[in-house]
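**Q** This structure is in structure tokens; I'll ask about it shortly.
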Amino acid sequence: MDTLVQQIINGLSLGSVYALIAVGYSLVYSILLFSNFAHGGFLVIGGYICYYTLAALGNNIWLSGLAAMVGAGVIAILVERLAYKPIRERTNVTLYLLIASMGMSIVIENVFVVTVGGRFRALPPVIPTDPVNFFGLATTSAFDLLSLAMAVIFLTALQLFLSKTKWGLAIRAASYDLRTSGLMGVNVNRLISIVFFVAGFLAAVGGIFLSVRYTLYPQLGFITIKAFVAAVIGGLGSLPGAVLGSLILGLAEMLTAGFISSQMRDLVVFGMLVLTLLWRPSGLLGKQVSEKV
Amino acid sequence: MNETVLKLDHVNKYFGGVHAVQDMSFTLEKGELAGLIGPNGAGKTTIFNLITGVYDVDSGSILFEGTDITPYKTYEVVRKGIARTFQNLRLFPRSTVLENVMTACQQHYQYNFFEAATHMGRWKSLEGSIREQSMTLLERVGLEALAEQAAGTLPYGHQRRLEIARALSLQPRLLLLDEPAAGMNPDEVQDLNGLITKIHSDFGLTILVIEHHMELVMEICPHIVCMNFGAKIAEGDPDHIQNHPEILKAYLGEEVLEA
Amino acid sequence: MSGYVEGIIILLFINGIAAMGVSLLTGFTGVFTLGHAGYMAIGAYTAAIMTVRFGIHWLPAIVAGGIIAMVLAYLIGVPTLRLMGDYYAIASIGLGESIRLVLENWQSFTRGARGYPGIDNYTTLTVAGAFFVVMALLMFYLIKSNFGRAFKACRDDYIAASLLGFNTARYRVLSLSISAFYCGVAGALMAGFLTFIQPVMFDLNKSTELTAVVVFGGLGSLSGSLIGTAVITLVTELFRPISQYRMLIYGAVMVIIMVARPEGIMGQHELGPRFIRSLFQKKNGPSKALEGGDGL
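This is the structure we're talking about:
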């Protein structure tokens with residue numbers, strides 16, 4: 128029983144970090160209708176900015192965290208302007224964006240390999256990881272509870288942004304139909320930049336927590352594949368879906384690791400992906416996009 | 139007398155809460171040139187999509203030459219002998235005009251995988267036939283000079299002709315034309331009228347046309363079905379239709395009538 | 472011919488075969504895949520295990536590698552090819568990675584992540600060349616046939632294709648199966664060339680390379696894919712001393728091509744006398760269509 132509760136908390140904690148990543152990815156998908164494979168790059172950028180600013184500014188996690196989030200957000204905007212904007216202005220074939228995003232993800236990963244090297248880096252222990260007694264039910268680490276709490280805070284903030292602000296409304300409108308929202312007076316290019324900033328911002332938070340959990344290295348972005356899977360399970364384009372899918376995935380992974388074997392973790396993840404795509408491709412909460420004939 | 143080619147029997151289709159097609163029934167005899175008219179959103183294209191299996195029927199049945207094609211998949215419907223053109227044109231823009239027609243024409247000149255991969259056996263003769271047949275069809279619609287042009291670079295009117303040529307090369311017995319005159323000026327519509335009546339007599343087809351251009355429909359269709367809000371509101375010959383109060387109401391609105 | 476140069480040419484043949492497979496699926500049928508290295512892995516391991524463990528001759532082993540990859544692709548493809556666009560791309564990543572994970576974890580059979588050594592060096596220049604020539608010929612012929620037109624129809628507009636009587640699902644599965652066969656054979660040849668294989672050789676990076684090569688060469692051009700293969704393989708060899716920059720350049724090339732010239736080197740054209748002639752003629756396509764019209 129002890130292990131079960133422990134693994135559930137682990138799973139929710141991992142899932143909440145996935146959620147931060149999956150939500151940003153789903154947000155971009157809902158607006159531009161393409162899978163930004165470079166999303167993992169934003170995560171890694173966040174991790175490295177945090178690492179280096181921690182070293183430079185004396186281990187102040189708040190400052191470094193903020194720098195990472197803003198930095199990742201700004202770079203996300205740059206990526207969009209440099210690589211995606213020219214393509215989407217010329218054609219509406221999303222395949223080209225997909226391929227460009229694939230290329231971008233390789234570029235970002237390898238910029239780090241080439242400049243700072245591929246070795247694993249541990250973040251200084253600025254985020255507490257001491258064991259905490261969870262209501263007498265299980266012993267978990269403060270880190271897990273913290274990452275869960277941070278994820279909840281950020282996702283709530285995002286929800287408030289989307290429902291209560293003018294740009295949030297614009298984003299929701301654009302997720303139904305980008306072109307029409309443009310015709311209604313929304314500055315589409317600025318909207319897309321804002322969406323990418325938010326995606327990069329959230330990915331950075333996820334990146335920081337994942338760096339603490341798994342240490343930091345250029346290929347850490349690869350973990351975004353799991354966020355993609357989570358987004359698909361929850362329903363591509365649906366933000367609540369991304370959160371739901373992430374939690375389910377985190378739980379599935381941790382329960383598999385705890386009760387079956389650690390090697391089977393990834394297989395279970397991909398197995399769930401294939402099952403979802405076969406049984407219900409639009410995911411749990413996803414929108415059905417049908418073509419008008 | 140004539141055999142029934144197409145029969146819709148109490149067909150219903152829902153899109154969520156919208157009753158897009160309501161209890162639709164009508165019949166087409168062999169060799170008819172019929173028109174399907176109605177205001178925008180009346181459900182006309184949905185009828186075409188139901189016949190060709192793009193959408194599934196919720197209730198009712200569709201019979202083609204006596205066979206129940208309601209459960210058929212799209213490609214099965216086409217192979218049975220029904221062809222259709224599109225309101226928004228669905229050519230293969232990057233392929234040449236000739237290739238577009240050949241892609242359709244090849245349905246009737248099939249050779250197998252082995253022959254395709256080795257260019258042996260019947261490949262040469264059947265490919266030759268496909269090419270020949272396709273050029274003949276292009277001549278029929280006056281596009282043979284543009285055979286090697288990319289289909290997407292053609293002017294609009296030519297693209298429409300190409301779509302019709304492509305549909306014809308499937309050797310259908312029932313041809314569904316979805317707003318073939320969309321975007322045309324009166325002169326072009328007259329030319330199209332000529333083309334449609336020509337292929338109707340030359341190929342001995344049964345044709346059902348969706349159209350908004352009344353000059354086309356009233357002039358060449360002796361049998362007209364009118365729809366509004368998914369239901370049939372009138373059916374008959376052009377005179378009957380033109381004087382039908384329900385139709386005037388549908389197109390012009392009640393206030394105009396009362397005025 | 473020096474051993475080094477001979478090795479490069481063999482590598483060109485192997486990568487070329489795989490590229491043709493991916494070209495058929497992505498360039499001609501419009502199914503974007505990022506998991507085809509998985510089929511190469513299956514071909515490689517099938518051939519390796521058959522020749523080393525069961526002492527079977529390399530020729531049937533290579534063909535078996537292709538066939539087993541093809542059968543697996545068919546079984547997976549029937550349900551998953553219902554998905555379109557991005558969904559299938561993500562699924563293919565999952566599938567490719569799953570294959571790699573299974574190979575890494577099935578230690579008793581595949582010797583796991585440490586790799587499978589001791590494979591006979593059966594892939595000589597003649598063997599690789601022969602397979603390449605035969606398979607290239609078959610592919611070129613297939614594209615210039617009714618099947619080729621069917622695949623292109625499925626790619627360009629699957630609804631229009633079904634309304635021309637094509638069972639688009641069946642053609643997509645057929646295209647996938649053939650492409651898996653080609654990748655399987657390429658993998659089997661690879662095993663006989665390197666004499667040592669590891670699952671990590673067939674990871675997402677390799678799959679991305681296969682797709683990048685096809686995109687670079689031109690979606691819808693078989694000769695383009697081969698040119699792309701040649702360029703990438705040679706560049707990879709040239710950059711071997713600074714191989715850490717290799718992937719960086721790759722990624723950059725993919726982005727730049729998509730931004731500057733998404734149709735790739737050859738666009739949709741094949742390299743032939745007609746194409747070379749057109750390079751020397753002035754472009755007057757669109758204007759030709761507009762002038763001399765009948766007012767229709």
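Residue numbers (this note's numbering), protein chains in the order written: chain A, 128 to 420; chain B, 139 to 397; chain C, 472 to 767. We put the CB at the ideal spot given by N, CA and C, even for glycine.
Using a Cβ-Cβ cut-off of less than 7 Å, list which residues of the region 631–652 of chain C approach chain B; keep chain order.
**A** Taking 7 Å as the Cβ-Cβ cut-off against chain B, the residues of the region 631–652 of chain C that qualify are A631, S633, L634, L635, G636, F637 and N638.
**Q** Report buried or exposed for C/G763, applying the criterion of at least 16 other Cβ atoms within 10 angstroms of its Cβ.
**A** Any reading at C/G763 must be qualified, since the residue scores a pLDDT of 32, below 50, and its modelled position is unreliable; the value itself is stated next. By the neighbour-count rule (16 or more Cβ atoms within 10 Å), C/G763 is not buried but exposed.
**Q** What does B/H351 pair with, by DSSP beta-bridge criteria?
**A** Looking at the DSSP assignment, B/H351 forms no beta bridge with any residue, so it has no partner.
**Q** Listing by chain order, which chain C residues have their CB less than 9 Å from the CB of B/F202?
**A** Going along chain C, no residue has its Cβ under 9 Å from B/F202, so there is no contact; the nearest lies around 14 Å.
**Q** Would you kindly check if the distance between the Cβ of B/L174 and the Cβ of B/V347 is under 8 Å?
**A** Taking 8 Å as the Cβ cut-off, B/V347 and B/L174 qualify as a contacting pair.
**Q** Per the contact definition of three or more C-beta pairs closer than 8 Å, is the region 364–377 of chain B in contact with the region 151–165 of chain B?
**A** With the cut-off at 8 Å, the region 151–165 of chain B and the region 364–377 of chain B touch.
**Q** Our contact map puts B/L276 next to B/A285 with C-beta atoms below 8 Å; I'd like the distance itself, whole angstroms only.
**A** At roughly 6 Å, the Cβ-Cβ gap stays under 8 Å, so B/L276 and B/A285 are in contact.
**Q** Can the beta-carbon of A/I136 be found closer than 8 Å to that of A/D271?
**A** Going by C-beta atoms, A/I136 is nearer than 8 Å to A/D271.
**Q** Around the Cβ of C/L647, are there at least 16 other Cβ atoms within 10 angstroms (buried) or fewer (exposed)?
**A** That one is buried.
**Q** Identify each residue in the region 228–243 of chain B for which the Cβ-Cβ distance to at least one residue of chain C is less than 8 Å, and report them in chain order.
**A** The region 228–243 of chain B vs chain C, Cβ under 8 Å: R228, L229, F230, P231, R232, S233, E237, M240, T241 and A242.
**Q** Just verifying my parser: in three-state terms, what is the DSSP assignment at C/A760?
**A** At C/A760 the pLDDT is 34, less than 50, meaning the model places this residue with poor confidence; the figure from the coordinates comes in the next sentence. In the structure shown, C/A760 sits in a helix (DSSP, three-state: H, G or I).
**Q** Contact between the region 628–644 of chain C and the region 215–223 of chain B is defined here as three or more beta-carbon pairs at a separation below 8 Å; is this criterion met?
**A** Yes, the region 628–644 of chain C is in contact with the region 215–223 of chain B.
**Q** Could you tell me whether the Cβ atoms of B/I345 and B/I362 are closer together than 8 Å?
**A** No, Cβ-Cβ distance for B/I345 and B/I362 is not below 8 Å.
**Q** Use the C-beta contact count for C/F664: other C-beta atoms within 10 angstroms, 16 or more gives buried, fewer gives exposed.
**A** Buried: at least 16 other Cβ atoms inside 10 Å.
**Q** How many whole angstroms separate the CB atoms of A/A331 and A/A195, which I take to be in contact at a CB cut-off of 8 Å?
**A** A/A331 to A/A195, Cβ: 5 Å. Contact.
**Q** Is A/A326 near A/F169, with beta carbons less than 8 Å apart?
**A** Yes, they are a contact pair.
**Q** Count the other CB atoms, across all protein chains shown, that sit within 10 Å of the CB of B/H148; report buried if there are 16 or more and exposed otherwise.
**A** When all chains shown are included, B/H148 counts as exposed.
**Q** When the Cα of B/T205 is compared with those of B/S197, B/Q328 and B/V215, which residue comes out closest?
**A** Looking at the Cα atoms, B/V215 is the closest of the given residues.
**Q** Taking DSSP as the reference, what is the three-state secondary structure of A/L250?
**A** Coil, per DSSP.
**Q** I'd like to know whether the C-beta of B/Y213 is nearer than 8 Å to at least one C-beta of chain C.
**A** Yes, B/Y213 counts as interfacial toward chain C.
**Q** Can you give the Cα-Cα distance for C/R524 and C/I539, rounded to whole angstroms?
**A** Rounded to whole angstroms, C/R524 to C/I539 spans 17 Å at the Cα level.
**Q** Is A/V339 helix, strand or coil by DSSP?
**A** Helix.
**Q** Can you find the residues in the same chain that come closer than 7 Å, C-beta to C-beta, to A/G138, ignoring five residues on each side of it along the sequence?
**A** Excluding residues within five positions, the ones whose Cβ falls inside 7 Å are G377, L378, E380, M381 and L382.
**Q** A/I172: which of A/V155, A/E207 and A/V238 sits nearest, CA to CA?
**A** The shortest Cα separation from A/I172 among A/V155, A/E207 and A/V238 belongs to A/V238.
**Q** Shorter than 8 Å from the beta carbon of B/H351 to some beta carbon of chain C?
**A** So no, B/H351 is outside the interface.
**Q** Does any C-beta atom of chain B lie closer than 8 Å to the C-beta of C/G617?
**A** Here the sequence assigns Asn to residue 617 of chain C, which means Gly is not the residue at that position. Yes, contact with chain B.
**Q** Going by C-alpha distance, which of A/R246, A/F164, A/M391 and A/V279 is nearest A/S373?
**A** Closest option to A/S373, Cα to Cα, is A/V279.
**Q** Which residues in chain C have a C-beta closer than 7 Å to the C-beta of A/F161? List them in chain order.
**A** Chain C residues near A/F161: D557.
**Q** Can you tell me the Cα-Cα spacing of B/E353 and B/V327, whole angstroms?
**A** Cα to Cα, B/E353 sits roughly 8 Å from B/V327.
**Q** Below 7 Å, is the gap between the Cβ of A/F169 and the nearest heavy atom of the ligand FMN?
**A** Looking for the ligand FMN in the displayed structure turns up nothing, as the structure carries no ligands at all.
**Q** Mind listing the chain C neighbours of B/T256? Cutoff is C-beta to C-beta under 8 Å, in chain order.
**A** What B/T256 touches in chain C: L609 and Y612.
**Q** Quick one: what does DSSP say C/N592 is sitting in, helix, strand or coil?
**A** Note: C/N592 maps to coil in three-state DSSP.
**Q** Can you find the residues in the same chain that come closer than 7 Å, C-beta to C-beta, to C/L574, ignoring five residues on each side of it along the sequence?
**A** Closer than 7 Å at the Cβ level, and outside the excluded window around C/L574, lie A512, Y516, T581 and P670.
**Q** Just tell me which of A/A269, A/I352 and A/Y178 has its CA closest to the CA of A/S232.
**A** Looking at the Cα atoms, A/I352 is the closest of the given residues.
**Q** From the DSSP secondary-structure annotation, give me the bridge partner or partners of A/T267.
**A** Partner(s): A/V259.
**Q** So, with DSSP's three-state summary, where would you put B/C364?
**A** Residue state, collapsed to three classes: strand.
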